[in-house]
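K.L.:
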Amino acid sequence: NAGVTQTPKFRILKIGQSMTLQCTQDMNHNYMYWYRQDPGMGLKLIYYSVGAGITDKGEVPNGYNVSRSTTEDFPLRLELAAPSQTSVYFCASTTPRSASQPQHFGDGTRLSIL
Amino acid sequence: DAKTTQPTSMDCAEGRAANLPCNHSTISGNEYVYWYRQIHSQGPQYIIHGLKNNETNEMASLIITEDRKSSTLILPHATLRDTAVYYCIVRVGDTNAGKSTFGDGTTLTVKP
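Chains as they are written, first to last, in my numbering: chain A, 22 to 135; chain B, 58 to 169.
1) Just the C-alpha distance for residue 105 of chain B and residue 36 of chain A, rounded to the nearest angstrom, thanks.
2) Is there a C-beta anywhere in chain A that falls below 7 Å from the one on residue 99 of chain B?
3) Can you give me the Cβ contacts of residue 133 of chain B inside the same chain, cut-off strictly under 6 Å, excluding the 5 residues immediately before and after it?
4) Output yes if chain A places a C-beta closer than 7 Å to the C-beta of residue 155 of chain B; else output no.
5) With 9 Å as the limit, tell me which residues of the region 63-77 of chain A have their beta carbon closer than that to any beta carbon of chain B; keep them in chain order.
6) Is there a Cβ of chain B sitting closer than 7 Å to that of residue 129 of chain A, yes or no?
7) Using the DSSP secondary-structure output, state which residues sit across from residue 115 of chain B in a beta bridge.
8) Ordered along the chain, which non-local residues of its own chain (more than five positions away) have a Cβ less than 6 Å from that of residue 115 of chain A?
9) Restricting to Cα atoms, I'd like to know which of B:169, B:164, B:168 and B:159 is closest to residue 63 of chain A.
10) Give me the Cα-Cα distance between residue 60 of chain B and residue 127 of chain B, rounded to the nearest whole angstrom.
11) Is residue 156 of chain B buried or exposed, if buried means 16 or more other CB atoms sit within 10 Å of its CB?
12) Quick check: what's the CA-CA separation for residue 98 of chain B versus residue 23 of chain A?
13) Taking DSSP as the reference, what is the three-state secondary structure of residue 104 of chain A?
14) Give me whichever residues DSSP pairs with residue 121 of chain B in a beta bridge.
15) Does the region 68-82 of chain B come close enough to the region 77-89 of chain A to have 3 or more Cβ pairs within less than 8 Å?
16) Does the distance from the CB of residue 94 of chain B to the CB of residue 141 of chain B come in under 7 Å?
17) Enumerate in chain order the residues of its own chain whose CB-to-CB distance from residue 148 of chain B is below 8 Å, with the five nearest sequence positions on each side excluded.
18) Smallest Cα separation from residue 39 of chain A: which of A:113, A:59, A:80 and A:98?
19) Assign residue 101 of chain B to one of two classes, buried (16 or more other C-beta atoms within 10 Å of its C-beta) or exposed (fewer than that).
20) At least one CB of chain A closer than 7 Å to the CB of residue 86 of chain B: is that the case?
21) For the candidate residues A:68, A:43, A:113 and A:54, whose alpha-carbon lies nearest to that of residue 84 of chain A?
Below, the structure is given as structure tokens:
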């Protein structure tokens, strides 16, 4: 049972480069989320989606873009990488099929911008 | 969603019960209390949740006060593997797109 899968697990980027963090889930969840976690801090919501074709900004969306063309996939795009985006990125999903369902998280992508 | 307040850190002896408190004094009547934990910067892992009644599962127990302004997560027999950051979150079920606000959590250290 794969759950939420994130790739890559680690990545080093140079300032100004771009990349896409991949997230896919096999639980048929409508709701998906991207968080970032800086050292010693809690998770901050970057973007979220309630279904294919629908995305919305979270708490810290600047410098990122997302798309949701399928239920399974929710990629996060960094267009011009900056040192402030060095962080651990987590993708999560949940379902609205019944109230109070928890979020399921991937194992994260550790990104360093140098 | 309501804010939560947790102690920054706690210690517990191995084999003893770990009691992690959480204050959520502004919780609304339709907001659930959720607990997650994060081990070694892995992805957060869901533990338990509740609305009004106390809850128990194979991992932990959740005690919610009658006025719902605070709760306690209980790990009945803590092991070294329970050392982690524990997050208490309140949110309104699956409305508001199921979004959850994570604070800084409580770092629980289980000692031999």
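Note that the Cβ used here is the ideal one computed from N, Cα and C, for glycine as well.
P.N.:
On the basis of the data shown:
1) Between residue 105 of chain B and residue 36 of chain A, the C-alpha separation is close to 41 Å.
2) So yes, residue 99 of chain B belongs to the interface.
3) Excluding residues up to 5 positions away in sequence, 74 lie with their Cβ nearer than 6 Å to the Cβ of residue 133 of chain B in the same chain.
4) Taking Cβ atoms only, chain A reaches closer than 7 Å to residue 155 of chain B, which makes this a yes.
5) Only those residues of the region 63-77 of chain A whose C-beta falls short of 9 Å from the nearest C-beta of chain B are listed: 63, 64, 65, 66, 69, 70, 71 and 77.
6) At least one chain B Cβ lies under 7 Å of residue 129 of chain A.
7) In the DSSP output, where bridge partners are listed per residue, residue 115 of chain B has none listed.
8) These residues qualify, in order along the chain: 50, 52, 122 and 124.
9) If we check each option's Cα against that of residue 63 of chain A, B:159 comes out closest.
10) In this structure, the CA atom of residue 60 of chain B is about 11 Å from the CA atom of residue 127 of chain B.
11) When all chains shown are included, residue 156 of chain B counts as buried.
12) The alpha-carbon atoms of residue 98 of chain B and residue 23 of chain A are separated by roughly 19 Å.
13) Correct three-state label for residue 104 of chain A: helix.
14) For residue 121 of chain B, the beta-bridge partners assigned by DSSP are B:128.
15) Touching, no, given that fewer than three Cβ pairs across the two stretches are closer than 8 Å.
16) The Cβ-Cβ distance between residue 94 of chain B and residue 141 of chain B falls below 7 Å.
17) Correct list, in chain order: 58, 88, 89, 91, 155, 156, 157 and 158.
18) Here the closest residue by C-alpha is A:98.
19) Of the residues assessed, residue 101 of chain B falls on the buried side of the cut-off, its CB having 16 or more other CB atoms within 10 angstroms.
20) Put simply, the CB of residue 86 of chain B is far from chain A, with every gap to its CB atoms at 7 Å or more.
21) With respect to the C-alpha of residue 84 of chain A, the residue from A:68, A:43, A:113 and A:54 having the closest C-alpha is A:68.
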